[in-house]
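Here's the structure, in structure tokens; my notes come after.
Numbering (this note's numbering), first residue to last: 32 to 255.
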């Protein structure tokens with residue numbers, strides 16, 4: 032994806048032939064871009080169908096994408112209406128949606144139960160982007176989603192990922208985890224692509240041939 036003011040790289044791999052992970056970038060007004068990562072519960076074709084519906088409803092209503100809280104509220108209502116099972120339940124979706132303003136150099140975001148992205152700042156510190164957090168999509172009607180904002184300095188990096196990364200297992204039954212993810216993020220690199228490739232290599236080495244049980248998605252953003 033191309034985003035003004037950001038170096039962007041992505042990785043996407045399904046555990047089966049079809050997957051329920053999803054990332055997207057939306058061009059918005061006034062030099063802003065919407066950035067989404069999401070993960071449907073479950074795997075395979077059923078999860079892929081739910082994610083395809085989410086993709087369709089978001090692209091059909093571009094006006095809601097200007098606001099992270101409105102975007103997640105809209106997606107929640109649409110999923111509840113369109114994806115109910117015969118037992119009146121819906122497969123839930125975790126999602127994180129951010130709007131990057133290239134002019135103001137700010138990130139405004141909202142989360143629906145998704146793994147908190149990692150912020151690796153230019154001073155070498157790592158923290159979670161863990162505010163504005165609410166239920167996953169598709170669980171309750173009329174959920175009010177909050178949103179928060181923070182500045183992004185030149186050289187700051189944001190790492191968005193799905194739980195297939197941190198829950199990847201090794202032959203001993205251990206999970207890769209957030210600490211190992213941070214270790215990979217802290218290694219020297221020159222670009223968002225280097226960040227993504229380094230994390231993929233670290234996960235593959237840790238798994239040591241253990242099959243991946245879940246879809247894996249990474250989206251790295253680096254302020255130019």
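Where is the CB? At the ideal position from N, CA and C, for every residue including glycine.
These numbers were taken from a predicted model, which means no experiment stands behind them.
- Contact between residue 161 and residue 141 is absent: CB atoms are separated by about 12 Å, not below the 8 Å threshold.
- For residue 189, the closest C-alpha among the options 77, 165, 53, 212 is that of 212.
- By alpha-carbon distance to residue 57, the top candidate from 168, 49, 32 is 32.
- By the beta-carbon neighbour count (other beta carbons within 10 angstroms, threshold 16), residue 61 is exposed.
- Spanning the alpha carbons of residue 111 and residue 171 requires a straight line of approximately 8 Å.
- Taking all protein chains shown into account, residue 129 has 16 or more neighbouring C-beta atoms within 10 Å of its C-beta and is therefore buried.
- Boundaries of the beta strand (DSSP E) around residue 151: 149–151.
- In this structure, the alpha-carbon of residue 156 lies about 18 Å from that of residue 229.
- Spanning the alpha carbons of residue 97 and residue 69 requires a straight line of approximately 18 Å.
- If you ignore the 5 residues before and after residue 105, its C-beta comes within less than 6 Å of the C-beta of 95, all in its own chain and listed in chain order.
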